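Read the structure below first, then the notes.
There are 2 protein chains.
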Amino acid sequence: MKHIKVNDLLNGSNLLQEVTAKGWVRSFRNNQFIALNDGSTINNIQCVVDLDKFPADLLKKVTTGSAIAVKGTLVESQGAGQKFEIQVNNLEVLGESDPEKYPIQPKKHSLEFLRENAHLRVRTNAFGAIMRVRSVLSFAVHKYFQENGFYYVNTPIITGSDAEGAGEMFQVTSFPLDGSAPKNEDGTINYKEDFFGKQTNLTVSGQLEAETYAMALGQVYTFGPTFRAENSNTSRHLAEFWMIEPEVAFNDLDANMDLAEDFIKSVIKYTLEKCEDDLNFLDQRLKDEEKNKPQAERSEMSLIEKLNFVLENNFKRVSYTEAIDILKASKPNKNKKFQYLIDEWGADLQSEHERFLVEKHFKCPVILFDYPAKIKAFYMRLNEDGKTVRAMDILFPGIGEIVGGSQREERYDVLVEKMKALDISEEELWWYLDTRKFGSAVHSGFGLGFERLVLFVTGMTNIRDVIPFPRTPQNAEF
Amino acid sequence: MKHIKVNDLLNGSNLLQEVTAKGWVRSFRNNQFIALNDGSTINNIQCVVDLDKFPADLLKKVTTGSAIAVKGTLVESQGAGQKFEIQVNNLEVLGESDPEKYPIQPKKHSLEFLRENAHLRVRTNAFGAIMRVRSVLSFAVHKYFQENGFYYVNTPIITGSDAEGAGEMFQVTSFPLDGSAPKNEDGTINYKEDFFGKQTNLTVSGQLEAETYAMALGQVYTFGPTFRAENSNTSRHLAEFWMIEPEVAFNDLDANMDLAEDFIKSVIKYTLEKCEDDLNFLDQRLKDEEKNKPQAERSEMSLIEKLNFVLENNFKRVSYTEAIDILKASKPNKNKKFQYLIDEWGADLQSEHERFLVEKHFKCPVILFDYPAKIKAFYMRLNEDGKTVRAMDILFPGIGEIVGGSQREERYDVLVEKMKALDISEEELWWYLDTRKFGSAVHSGFGLGFERLVLFVTGMTNIRDVIPFPRTPQNAEF
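Chain order of the listed sequences is G and E. Quick note: the first sequence uses this note's numbering, first residue 20, plus one each step. Quick note: the second sequence uses this note's numbering, first residue 20, plus one each step.
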C-alpha cells in the first residue's frame, strides 16, 4: 500500500480510510502518541498506538529521529492541537535512532550547535521551515521571470575573466600546489598547460555574460552560485552564495528600479501565499526570540507584518546626493555616533549609514540611485553631469543592501575610456566590448543576493542559517 | 511610448494601432523591408519603410546586427510570410553594426565558427531557438518537482569531500601555485592555512548532501553546476555542466524508475507545448542537415516525431543480465564489429553497446537495472544475490546515458563494509553515515545531465552547442 504524505493526510480527504504513513518520529508521548513528520509540512500527524497491541521492545525503538511506517485508520482527533490522527493497527520501525547518540533532541538547540550538524538540522521545525521557504522562494524567482518573458541563462562558473575588476576570487586549477606546476622561463606559472589553458577563477558575477545574451534575447536572468574569497567572518557574508541577475535590453535605470521592486514584491507575495504554516512558525519563533531582548531593541513589526509592509508600500527612491544631505544633517552624524562621519559628497556609504536611512529615517525599503562614479564599477552608465553613474542599490531593514544594479554604459568610446582609466584589459574583455560595437543599446540589470532575500523572508539573522551547507572562512564541512 | 515585444506584436492584438518596436536588424531587403528581431520569439516583425521618407544616410545605418527603434502602424501584411507588419513612420538607429566587421552575417555559419563567437551566436536563429528551449526546459524541471511536492536544495559547489570516490576534480584554492604555499613539516601542503582550512574541490555531484535532506524533507532535488576535470574532448562531455538530482525517501528502485520516466516525459511535453516555433525551426534545421547525409544514416524520425515517440511509449526496462545475453548473441558481437566484445557477465557496457541496445535492438529509450556491484558506486544498494546492485541507467537514442540512478544502501553495516573495501574514508563521510545511523530508510534518486536532455530536445549533436559558454579542455573563453 502506497504511503500518503503527511501534508495530504492532514487535509482529511482520506478520513475513515485505511492509510499508510512514513516518516520520522518527532516525539513519542506517554507510550501512546507519536508525532510523525515526513518533511512535506511543518505539521506532524499524530499516530495513536494502543500500548497493549504492540510488543514493548518494538515500542522502545520508537524514539526521536527513528524512521517508522504506520498503517491505520485516519480519524478525527479528540485531542487538542490536531484535527486528524491515525489509529495505528500496524507499526514498523524502518530505522532506529539511538536516543543516547542522536544529536537532535526535542528541545531547543543553539543555532551554533545546529550549524555543526548541518546534515541533521533540517530535521528541526525551524530549519525545515527555512529550507521549504527557500525552495518556494527559488521557484517564485523562476516563475516571475518566465511568466514575464525572461529567459534563464546559465553563465559560466569557471571563468577566465574578472567581472568586477575585484581581486577576491578563488582560483580553479588542475595543477599541484607544491611548486611542481609547469613554469615559464621567467618563473611565472605556465597556465597554458593547466586544464583550461589559462588562469581560471570561480565567478563573482554572471553579469557581463548575461549582457551578451540580453543583447540577443532581450530579457534574461541568471540564478546560480557565485563566489567571494573575502576573509570576512560576518553574519551577512558567505564565500559561496546564490545570485539572481536579470538583464534587460532597452531598460533604463527607472525601468530597472521598477523591475526590481515589482520582482521582490511578487516573490514575497507568492511565498506568503504558499508557505503560510512555515511562515507562521517563523513569525512565532521571532516573537519568542524578541522576548529576550530589551524593549527598545524589539521590532515594531512581526515577521509577517514586515513582509506585508513591503508588499503594501512603495520603496522610497532617493538620490545619493539627497541621501548625503540627510546623513550630514542627521543626529548620529552631528553627535559623532557614526563610526565613519559623513562630511562630504563622494563618501562611500557604510552599513551604519544605510541602516540609519532605512531603519530610522525612511522606515521602509529605500532605493538609492545616481552614485558617484568613483565608488562604482566601470560598466555603469555615466550621467550627463560627468561625475555620477546610473547605479542603484536597494536597502532593506535589518538586511542592508539586497540589490545592486545599474544602467550599463552602452557607449563604446565612453566604456573604453573608463576601462583604460581603471586599467581593465580591453584584450581580455574583447567579447564584452563587441556588444557595444555591434547593435549597442540602452540596457540595465541588477544582482540580488538570494540568501539575503531568504534572510529577510524567514526573519533569520545569520546568513549561515539560510543556506543548506554554508561555506565561510575555515569551513567547508559536509 | 513603451515598446511592444515582437512576440506580442505578432499576435495582432495591436492591429491598426500606433506601436513602437525595438530590436536588432536581421536583414534589410530592397531598402524597404526590415526584418526585426528582439529575441522574444524566433520570428521577426517586418518593418516597411518608405524610401523617400527617410534620409539615405540614416537608412545606410540599418544593417544586419544594428539596434533600431521604429514607430509606426501595425497593419495586416500584403506580402507572403507574415500576417502583420509595421508601416514605419519613425526610425531611429540606436546602435550601429559595421557590416564589414560584424561576424554574424545573414548566411550559414559553421558551428565551429559560432562557438568561437559564443557571445554573439545567440543572435542567430538556431542558437536563439536552442537557448530559449533550454530556458523553458529548465523551468519545466522546477515546475515538475515543485508541483509534485519536492523541495529544491542548493548543495555546495565547493566541497571537501569526493562523492563518487573518483579523482577527476578541480581544486579550489586561495594559495599561490608557485610553490610558496605554506607547507607541513613533511613537505606536504598545509591546507589548514588555505581559505577553507582544508583541501577543497569543485563538486562532481550533490547527491550525498541531497540524501541528508531527503531524510528530513522527504522529496528533494538539486539543479546546479557540477564539474569533471576529465581531459575528454568529445561531443558529449563538458568540464562544467548542469545536473538535476532528485532524491526521495521511501522510494525503491522501481519507484525511482517510475519517477525518472514520468519526469522526462513531463518536461518534454511542457517544452513541446511552449516552444512550438523554436522546435519547428530546429526540426526543419535537422531535416536540412540530414539531406547531406547518405540515405542509410538518416534518422527514421524527425525531431518532433522523436520527441512525441518518447512521450507515447514506455521506456523498456531490461536487467543488466538480460542486456548481456542480448549483446552476447548480437550480430556485431558475433561478427566482431564491437570494439569491446562482450564475452562474459560483469563487463562494463561501452557506448557502442548502449547504442546497439537502444538504436538497433529495442528502438526506444531503455532503462537498464541491477548492474554488477563491481562496476558501480559504493552507495548503491546490494541485492540479495550479493553481486548486483539496485542501479539503473536510462539510455536515449543518439545521446546514450542520460540518467544514472540507484536505490541507496540504507543499511549502516553493509555501507561501512563497502566503504572499507573501497578505501573510502569513514572519517570524511561521518555526516553521510549519520543518515544510516539515525532514522535510516529505503531511499532512491538519480542524476540527469541537463545538457544531454537539451541535446535530445533540440536535436543538436555537440554538447558545446547547448550551453551558453562551454568549458572544455583548453577552453574557458568569455
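For every residue, glycine included, the Cβ atom is placed at its ideal position computed from N, Cα and C. None of these values were measured; they are calculated from a predicted model.
### Query
Going by DSSP, which residues form a beta bridge with W449/E?
As far as DSSP is concerned, W449/E takes part in no beta bridge.
### Task
Could you tell me which of G458/G, L474/G and E436/G sits nearest to G419/G, measuring between CA atoms?
L474/G
### Query
Considering D297/E, what are the terminal residues of the beta strand (DSSP E) in which it resides?
Not the beta strand (DSSP E): D297/E falls in the alpha helix (DSSP H), residues E295 to K310.
### Query
With 16 as the cutoff for other CB atoms within 10 Å, does K310/E come out buried or exposed?
Exposed, since its Cβ has fewer than 16 Cβ neighbours within 10 Å.
### Task
Tell whether a beta-carbon distance below 8 Å holds between N173/E and P487/G.
yes
### Message
Determine, for N30/G, whether the minimum Cβ-Cβ distance to residues of chain E falls below 8 Å.
### Response
Interface residue (Cβ-Cβ distance to chain E less than 8 Å): N30/G is not classified as such.
### Query
Closest Cβ-Cβ distance between D367/E and chain G: below 8 Å?
Not closer than 8 Å to any Cβ of chain G, the Cβ of D367/E fails to qualify, so no.
### Message
Quick check on Q97/G: buried or exposed, where buried means 16 or more other Cβ atoms within 10 Å of its Cβ?
### Response
exposed
### Query
If we cut at 8 Å on Cβ distances, does H128/G have a partner in chain C?
You won't find chain C in this structure, because its protein chains are G and E.
### Task
Please work out which residues of its chain come closer than 8 Å, Cβ to Cβ, to L227/E, disregarding the five sequence neighbours upstream and downstream, and give them in chain order.
S180, A182, Y398, L448 and Y451
### Task
Kindly list, in the order they appear in chain G, the residues whose Cβ is closer than 8 Å to that of G114/E.
Going along chain G in sequence order, the residues near G114/E (Cβ under 8 Å) are E429, R455, F457, G458, S459 and A460.
### Message
Assuming the contact rule is C-beta atoms closer than 8 Å, E264/E and S224/E should be a hit. Round their C-beta distance to whole Å, please.
### Response
7 Å
### Message
Excluding the 5 residues flanking Y431/G on each side, which residues of the same chain have their C-beta closer than 8 Å to its C-beta?
### Response
L452, R455, K456 and S459, listed in sequence order.
### Message
DSSP three-state label for N332/G, please.
### Response
coil
### Query
Counting pairs of Cβ atoms below 8 Å between the stretch 283-299 of chain G and the stretch 150-163 of chain G, do you hit three or more?
The stretch 283-299 of chain G is in contact with the stretch 150-163 of chain G.
### Query
Which ranges does the beta strand (DSSP E) cover as unbroken runs of at least 3 residues, wholly within the stretch 56-115 of chain G, from first to last along the chain?
64-67, 86-95 and 103-114
### Task
Select from the stretch 167-201 of chain G all residues with a C-beta closer than 7 Å to any C-beta belonging to chain E, and list them in chain order.
G168, Y170, Y171, V172, N173, T174, P175, I176, I177, T178, G179, F189, Q190, V191, T192, S193, F194, L196, D197, G198 and A200
### Query
Which residues in the same chain have their Cβ closer than 6 Å to the Cβ of E470/G, if we skip the five residues on either side of it in sequence?
Counting only residues of its own chain and dropping the five nearest sequence neighbours on each side, E470/G has a CB closer than 6 Å to the CB of F260, I482, V485 and I486.
### Nearest-angstrom Cβ-Cβ length linking F103/G and L35/G, presumed shorter than 8 Å
With 8 Å as the limit, F103/G and L35/G do not qualify as a contact, their Cβ atoms being about 10 Å apart.
### Task
Give the DSSP-derived three-state secondary structure of E403/E in the structure shown.
coil
#### Entry: Euclidean distance between Cα positions of V141/E and G147/E
5 Å
### Short CB-CB distance (under 8 Å) between S59/E and chain G
yes
### Query
So, Y170/E versus M150/G, is the Cβ gap smaller than 8 Å?
yes
### Task
Report, in whole angstroms, the separation of the C-beta atoms of H462/E and N270/E, which I expect to be a contact under 8 Å.
6 Å
### Task
Would you mind stating whether A268/E and M234/E have Cβ atoms separated by less than 8 Å?
The Cβ-Cβ distance between A268/E and M234/E falls below 8 Å.
### Task
Following the continuous beta strand (DSSP E) through M506/G, name the residue where it begins and the one where it ends.
Any property of residue 506/G remains undetermined from this structure, which presents chain G solely from 20 to 497.
### Query
Taking the alpha-carbon positions, what's the K306/E to K325/E distance?
13 Å
### Message
Assuming S157/E is part of the beta strand (DSSP E), what are its boundary residues?
### Response
First-last for S157/E: N144 to E166, but that is the alpha helix (DSSP H), not the beta strand (DSSP E).
### Query
If you run the structure through DSSP and keep just helix, strand and coil, what is M411/G?
Note: M411/G maps to strand in three-state DSSP.
#### Entry: DSSP three-state assignment for L368/E, whether helix, strand or coil
If DSSP states are grouped into helix, strand and coil, L368/E belongs with coil.
### Query
In its own chain, which residues sit with a C-beta less than 7 Å from the C-beta of N332/E, not counting the 5 before and 5 after it?
Within the same chain, N332/E has close Cβ partners C383.
### Query
Just how far apart, CA to CA, sit G114/G and F73/G?
Distance between the alpha carbons of G114/G and F73/G: 17 Å.
#### Entry: C-beta atoms of D297/G and V152/G nearer than 8 Å
yes
### Query
If you compare alpha carbons, which of Q190/E, G216/E, S338/E and E428/E is closest to I413/E?
Looking at the Cα atoms, S338/E is the closest of the given residues.
### Task
Check the C-beta distance from N250/E over to P492/E and give it rounded, since I have them as a contact under 8 Å.
5 Å
### Query
Where DSSP assigns a beta bridge to Q226/E, which residues make up the other side?
Per DSSP, none; premise fails for Q226/E.
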